[in-house]
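Note sheet for the following structure.
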Amino acid sequence: MVERQSPLEPVLQAGSHGNFEHGVDIILSETQPGSIVQLAAWPGEERRLISGIRTVTGLALPDGAGGGSTDGVKSVFGFAPGKFTVVDEAEGLASAFAGVVTPAIGTVTDLSHGRTAIRIAGPKAEWVLAKFFAIDFALPAFPVGAGRSTVHHDVFAQIQRTGADQFDIYVFRSFARSFWKALCHASEEVGYEVQ
Amino acid sequence: MLITCPYCGPRDVIEFTYQGDGNRERPQPASQNLDAWNAYVYDRLNPAGDHNEIWQHSGGCRAHLRVVRNTLTHEISSTAFARGGHKSTARHKAEGKS
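Top to bottom, those sequences are chains A and B. Residues 1 to 195, numbered by our numbering, are exactly what the first sequence covers, in order. Residues 196 to 293, numbered by our numbering, are exactly what the second sequence covers, in order.
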């Protein structure tokens with residue numbers, strides 16, 4: 001496979017930054033998953049697509065809009081009616097789906113090189129993200145595994161909650177560097193560590 | 196102004212794009228009826244009150260929605276998918292959280 005270069009490379013500086021004298025409340029990292037795949041079902045084929053997702057990843061999708069789940073290696077969440085984002089640490093997810101999601105069920109789009117995955121974790125993750133996005137980040141409204149699609153200054157972002165105080169954000173690769181810088185600025189007040 | 200997307204729930208209007216009057220009826224593409232085409236392009240009800248509109252949740256799930264908006268108060272009295280087939284499963288603020 002082609003070796004992938006991170007768009008964050010020139011600005012990603014590992015270590016503690018900002019107001020961290022009293023400890024770091026935010027940990028920022030780039031997860032660099034091997035595969036990011038978008039699946040879309042034709043109207044009426046959603047059930048077959050969801051069972052296909054279970055066949056390939058072993059993950060069951062809960063009912064309801066924006067439902068999702070993660071096992072730490074693979075993640076899946078709905079971001080629009082009949083549409084799902086599936087992420088795997090390993091490469092080759094798109095070809096695994098190609099045999100299962102047939103043209104009669106829906107489409108498979110490999111976005112592995114088109115999106116950058118940023119993880120924000122820590123006790124102040126909700127607080128920092130609330131400065132970016134006008135959605136409810138509280139745990140009852142945004143449960144673990146669930147996904148949301150929203151925008152920050154017209155930069156489209158897909159957010160999945162992968163822990164009680166951990167979120168994975170998928171942004172366009174071309175906007176990732178400026179988004180990362182904004183995320184660092186927003187985290188300065190609480191003290192953050194880049195890993 | 197908040198619009199409750201049937202998929203995403205209540206979201207700020209900044210995430211949505213107005214796609215025009217929802218009362219228009221497009222004539223068949225092969226239609227030679229100039230009056231019908233004229234009405235489709237130019238005639239608008241311009242009501243002072245509830246108005247059927249098409250919006251796209253362009254900064255979210257990207258679905259097209261049928262929205263009824265009051266042009267006097269900006270109150271949104273109903274939202275639904277413009278295309279049927281997808282049931283609304285979003286949590287709505289008015290119904291409370293389960």
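The beta carbon of each residue, even a glycine, is placed where N, CA and C say it ideally should be.
Roughly how many angstroms lie between the CA atoms of residue i and residue j, to the nearest whole one?
| i | j | result |
| --- | --- | --- |
| A289 (chain B) | V190 (chain A) | With a pLDDT of only 44 at A289 (chain B), under the threshold of 50, the placement of this residue in the model should not be trusted; the figure read from the coordinates follows. Their Cα atoms are separated by approximately 34 angstroms. |
| W42 (chain A) | G106 (chain A) | 5 angstroms |
| H281 (chain B) | V24 (chain A) | With a pLDDT of 49 at H281 (chain B), under the threshold of 50, the predicted position of this residue should be treated as unreliable, and no value is reported. |
| L183 (chain A) | P222 (chain B) | 49 angstroms |
| V56 (chain A) | R264 (chain B) | 43 angstroms |
| T150 (chain A) | F211 (chain B) | 10 angstroms |
| K292 (chain B) | G145 (chain A) | In this predicted model, K292 (chain B) has a pLDDT of only 37, less than 50, meaning its place in the structure is not dependable; the value taken from the coordinates is given anyway. Distance between the alpha carbons of K292 (chain B) and G145 (chain A) is about 18 angstroms. |
| A130 (chain A) | F137 (chain A) | 7 angstroms |
| F97 (chain A) | R148 (chain A) | 23 angstroms |
| A104 (chain A) | Y202 (chain B) | 24 angstroms |
| R239 (chain B) | I249 (chain B) | 14 angstroms |
| I209 (chain B) | R257 (chain B) | 13 angstroms |
| S69 (chain A) | W127 (chain A) | 23 angstroms |
| H287 (chain B) | G18 (chain A) | Note that H287 (chain B) scores 49 on pLDDT, short of 50, meaning its location in the model is unreliable and no value can be drawn from it. |
| G122 (chain A) | Q195 (chain A) | 13 angstroms |
| Y213 (chain B) | F20 (chain A) | 44 angstroms |
| F142 (chain A) | F133 (chain A) | 13 angstroms |
| F175 (chain A) | G255 (chain B) | 17 angstroms |
| E9 (chain A) | S178 (chain A) | 12 angstroms |
| T274 (chain B) | C200 (chain B) | 7 angstroms |
| G244 (chain B) | N233 (chain B) | 24 angstroms |
Give the residues of chain A in contact with residue i, contact being defined as C-beta atoms less than 8 angstroms apart.
| i | result |
| --- | --- |
| Y202 (chain B) | A65, G66, A80 and P81 |
| D207 (chain B) | A134 |
To the nearest whole angstrom, what separates the beta carbons of residue i and residue j, a pair I think is in contact under 8 angstroms?
| i | j | result |
| --- | --- | --- |
| G217 (chain B) | R261 (chain B) | 6 angstroms |
| L61 (chain A) | K74 (chain A) | Not a contact, Cβ separation roughly 12 angstroms. |
| T116 (chain A) | R161 (chain A) | About 18 angstroms; that fails the 8 angstroms criterion. |
| I120 (chain A) | F167 (chain A) | 5 angstroms |
| S35 (chain A) | E91 (chain A) | 6 angstroms |
| A213 (chain A) | G78 (chain A) | As shown, chain A starts at 1 and ends at 195. That puts residue 213 (chain A) outside it, with no answer to give. |
| I26 (chain A) | K124 (chain A) | 5 angstroms |
| Q38 (chain A) | S6 (chain A) | That belief does not hold up - the Cβ atoms of Q38 (chain A) and S6 (chain A) are roughly 20 angstroms apart, past 8 angstroms. |
| A157 (chain A) | Y170 (chain A) | 7 angstroms |
| G15 (chain A) | E193 (chain A) | 7 angstroms |
Would you give the residue range spanned by the alpha helix (DSSP H) that residue i belongs to?
| i | result |
| --- | --- |
| L233 (chain B) | This sequence places Asn at residue 233 (chain B); Leu is not what is there. Where N233 (chain B) is concerned, the enclosing alpha helix (DSSP H) stretches over L229 to Y237. |
| A90 (chain A) | Premise fails: A90 (chain A) is in no alpha helix (DSSP H) and is neither H nor E. |
| G78 (chain A) | It is not in any alpha helix (DSSP H) - G78 (chain A) instead sits in the beta strand (DSSP E) that spans K74 to A80. |
| E247 (chain A) | Lying before the first or after the last residue shown, residue 247 (chain A) is absent from chain A, which here runs from 1 to 195. |
| V128 (chain A) | A125 to A130 |
| A176 (chain A) | R173 to S187 |
Determine the chain A residues that contact residue i at a beta-carbon separation under 7 angstroms, and present them in chain order.
| i | result |
| --- | --- |
| E210 (chain B) | T150 and V151 |
Could you spell out the range, first to last residue, of the beta strand (DSSP E) harbouring residue i?
| i | result |
| --- | --- |
| C200 (chain B) | L197 to C200 |
| V68 (chain A) | Here residue 68 (chain A) is Gly; the residue named in the question, Val, does not match the sequence. G68 to T70 is the extent of the beta strand (DSSP E) around G68 (chain A). |
| S253 (chain B) | Segment: none, S253 (chain B) is in no beta strand (DSSP E) and carries neither H nor E. |
| S112 (chain A) | Unbroken run through S112 (chain A): none, as it is neither H nor E. |
ask   = Listed from N- to C-terminal order along the chain, which residues in the stretch 148 to 159 of chain A have their beta-carbon within a distance smaller than 8 angstroms of any beta-carbon of chain B?
value = For the stretch 148 to 159 of chain A, which is checked against every Cβ of chain B, the residues closer than 8 angstroms are R148, S149, T150, V151, D154 and F156.
Where the stretch 125 to 149 of chain A meets chain B: residues whose CB sits under 9 angstroms from a CB there = Legend: CB atoms of the stretch 125 to 149 of chain A lying less than 9 angstroms from CB atoms of chain B belong to residues A134, I135, D136, P140, A141, R148 and S149.
message = Using a Cβ-Cβ cutoff of 8 angstroms, what residues of the stretch 253 to 264 of chain B are near chain A? List them in chain order.
response = Only those residues of the stretch 253 to 264 of chain B whose C-beta falls short of 8 angstroms from the nearest C-beta of chain A are listed: G254, G255, C256, R257 and A258.
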